[in-house]
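Some notes on the structure that comes next.
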């Protein structure tokens, strides 16, 4: 048996595992549940701070817009005199000495305030003593004027009472960041000029710096075209009044910030580098009315600070409690193990003292109840041993009888196995012989079938030959008729030649008589004598040709007679050939009938031999199954003999043990 850990060791491991599991659970809960909640709350809190800053900036800018509207309304109602404008407007612009107001004024159109005067503005700015002072710089004829300034031209497109905000700029005198509000002035329902108020943004930097200290983040204000109005404490250099793209070109680590601002989302995550050594979250709120964007960059370390504090508090409270619980568990486990070891020693003592020994019980607790149960089991075991001693005697005697019976069974099984093996061999030989007969019969049947096919083919050839002979016989008969007709025609030609010969002889006689008469006529019959001579010559030639033709016809008649004899002989041979072909055809039919009988008998023999082989195989399989069963019986008998030996030995040992 493999050695296992002791329970006290398991208790120590369990305590350590419990503490480790608690730490893992705390970390998992914080990361999976607490962190998202705190992160969301931090984002909402940051947006709330930014919104508060937006509200403050909105209040400051709206106060400047109200002041500018008041100046414009006053300019629309005052008489067009220098005294009225100079006496009333400074009190409105000064706002009781509000230092956030850098200055303000009224800027009429050319010839609007006084005919013939192109530039007639009223502008009050603060001097070194922070007091408003009327300045006439824009009215100098040699100067550039003010009608082409952006803060002036924008007023022509504004509706009544609407404030148009300029981009933030740096005052050339004080070097302070400023922004200008422009409101259009209308007199007699026509554009007359603009009223402006210059607001100083120095208080904005202070507000941003205080926000950075309270939030541990970095707040900023962007103007139109991503101009940085205020971005304190973010980099070592001053970023105010610079274009963000220009700053990014010099510091590429701010590219993610630029992309997030261009995306315009209220919350964005920034990678490490925007804030040195840490990731960050950006909260951005636009102010489209003023062309501003206010945002805050909060480092991830600051955002995760509440999570770290909560995790530390959990570790400081839960882990010590778990350690105390583990120590108590280990100490109590050791005490319980001591009680168990004491009980184990007493049980070993019981084993050494025999079945009659008993354990001592000192306390009626769980250990005492365990000892009492062991004592009861010992008494029960003692009674069982007494019964086993009696049964062991019977088992030993029965084991001997079983051993003898198993030996006899083994001998009989071996003899039966030998007989079955001989039977299986004989059946195998018989099955082989039957299979060989079946194969030979199948081969014979195949050869008979091939011979039948060959005879059938030759029978077809004989039939074709008979048909050809019959056709030849018919043609020979036609030939005999033709030759006989030819002989008859030759006889007719002979008769005709006889007529021709007679005519020739008569012609010859007539020609001779004509020659005689011509000779009698003398010179007058000389020409006729020549003709008669020619006729006689022609008649002689006709007689010669007729004799030759007669000889040819005679030869033709003899040849026709010989041809008739030859064709008659060939016809007789053809008739004999047709008769022999019929005899051969009938003989082939008789042979085919015999081969059909042979093929049928061969098929029956092959089928019977196959059935005999199948039966032999089945008998062989049965004999093989009987042989295997006998082998199993022999093996079982052998095992039974061995088991009877073991049973007898066990009965002897059991008798010895029960006798102790």
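Numbering (my numbering), first residue to last: 160 to 819. We treat Cβ as the ideally placed atom computed from N, Cα and C, and that holds for glycine. In this text, all values refer to a predicted model and were calculated from it rather than measured experimentally.
Let me confirm a value: residue i is counted as buried when at least 16 other C-beta atoms fall within 10 Å, else exposed. Which label applies?
i           : result
residue 452 : buried
residue 311 : buried
residue 777 : exposed
residue 205 : buried
residue 435 : exposed
residue 364 : buried
residue 184 : exposed
residue 890 : This structure does not reach residue 890, given that the chain is present from 160 up to 819, and the question cannot be answered.
residue 160 : Residue placement at residue 160 is poorly supported in this model, since its pLDDT is 47, which falls under 50; the coordinates are not used for a value here.
residue 309 : exposed
residue 352 : buried
residue 187 : exposed
residue 267 : buried
residue 800 : buried
residue 591 : exposed
residue 274 : exposed
residue 180 : exposed
residue 658 : exposed
What does a CB cutoff of less than 6 Å around residue i pick up in its chain, not counting 5 residues either side in sequence?
i           : result
residue 359 : 259, 261, 335 and 337
residue 356 : 223, 226, 227, 263 and 340
residue 375 : 461
residue 869 : For the chain, the structure presents residues 160 to 819; residue 869 sits outside this window and is missing.
Please confirm whether residue i and residue j have their CB atoms less than 7 Å apart.
i           : j           : result
residue 670 : residue 700 : no
residue 827 : residue 427 : Residue coverage of the chain in this structure runs from 160 to 819, which leaves residue 827 outside it and unanswerable.
residue 456 : residue 213 : no
residue 371 : residue 361 : no
residue 354 : residue 271 : no
residue 314 : residue 343 : yes
residue 403 : residue 390 : no
residue 329 : residue 446 : no
What does a CB cutoff of less than 8 Å around residue i pick up in its chain, not counting 5 residues either side in sequence?
i           : result
residue 177 : 481, 484 and 485
residue 134 : This structure leaves residue 134 out entirely; the chain is present only between 160 and 819.
residue 692 : 670 and 674
residue 702 : 660, 663, 664 and 667
residue 252 : 226, 230, 260, 262, 263, 264, 283, 291 and 356
residue 429 : 415, 416, 419, 438, 439, 440, 441 and 456
residue 298 : 278, 279 and 280
residue 423 : 443 and 445
Give the single residue among the options whose Cα lies nearest to the Cα of residue i.
i           : options               : result
residue 611 : 278, 756 and 389      : 756
residue 570 : 527, 797 and 542      : 797
residue 717 : 643, 425 and 447      : 643
residue 786 : 395, 423 and 574      : 574
residue 182 : 475, 425 and 254      : 475
residue 734 : 321, 349, 454 and 634 : 634
residue 207 : 784, 533, 464 and 425 : 425
residue 318 : 345, 650, 714 and 307 : 345
residue 645 : 463, 249 and 713      : 713
residue 741 : 721, 179, 625 and 641 : 625
residue 232 : 535, 248 and 479      : 248
residue 636 : 727, 221, 256 and 800 : 727
residue 276 : 288, 254 and 300      : 300
residue 746 : 614, 682 and 648      : 614
residue 369 : 350, 620, 347 and 392 : 392
residue 257 : 289, 239 and 221      : 289
residue 385 : 367, 421, 410 and 395 : 421
residue 707 : 652, 209 and 620      : 652
residue 608 : 794, 759 and 211      : 759
Which same chain residues end up closer than 7 Å to residue i when comparing Cβ atoms and leaving out the 5 residues on each side of it in sequence?
i           : result
residue 382 : 326, 327, 388, 450 and 451
residue 407 : 413, 414 and 417
residue 316 : none
residue 690 : none
residue 616 : none
residue 302 : 296
Can we count residue i as close to the ligand SAM, meaning its CB is less than 6 Å from some heavy atom?
i           : result
residue 215 : Absence of the ligand SAM is noted for the structure shown, with no ligands found whatsoever.
Check: Which parts of the stretch 262-315 are runs of the beta strand (DSSP E), unbroken and 3 residues or longer, counting only runs that do not cross its ends?
Finding: 281-285 and 291-294
Note to self: Extract the residue ranges of the alpha helix (DSSP H) inside the stretch 375-430, only unbroken runs of 4 or more that lie entirely within it.
What the structure shows: 403-409 and 414-422
Check: What are the complete alpha helix (DSSP H) segments, minimum 4 residues, inside the stretch 165-236?
Finding: 166-188 and 194-236
Check: Mind pulling the beta strand (DSSP E) runs of 3 or more residues that sit fully within the stretch 443-498?
Finding: 451-458
Margin query: Just to confirm the assignment: which complete beta strand (DSSP E) runs, minimum length 3, are found wholly within the stretch 336-365?
Written below: 336-346 and 349-359
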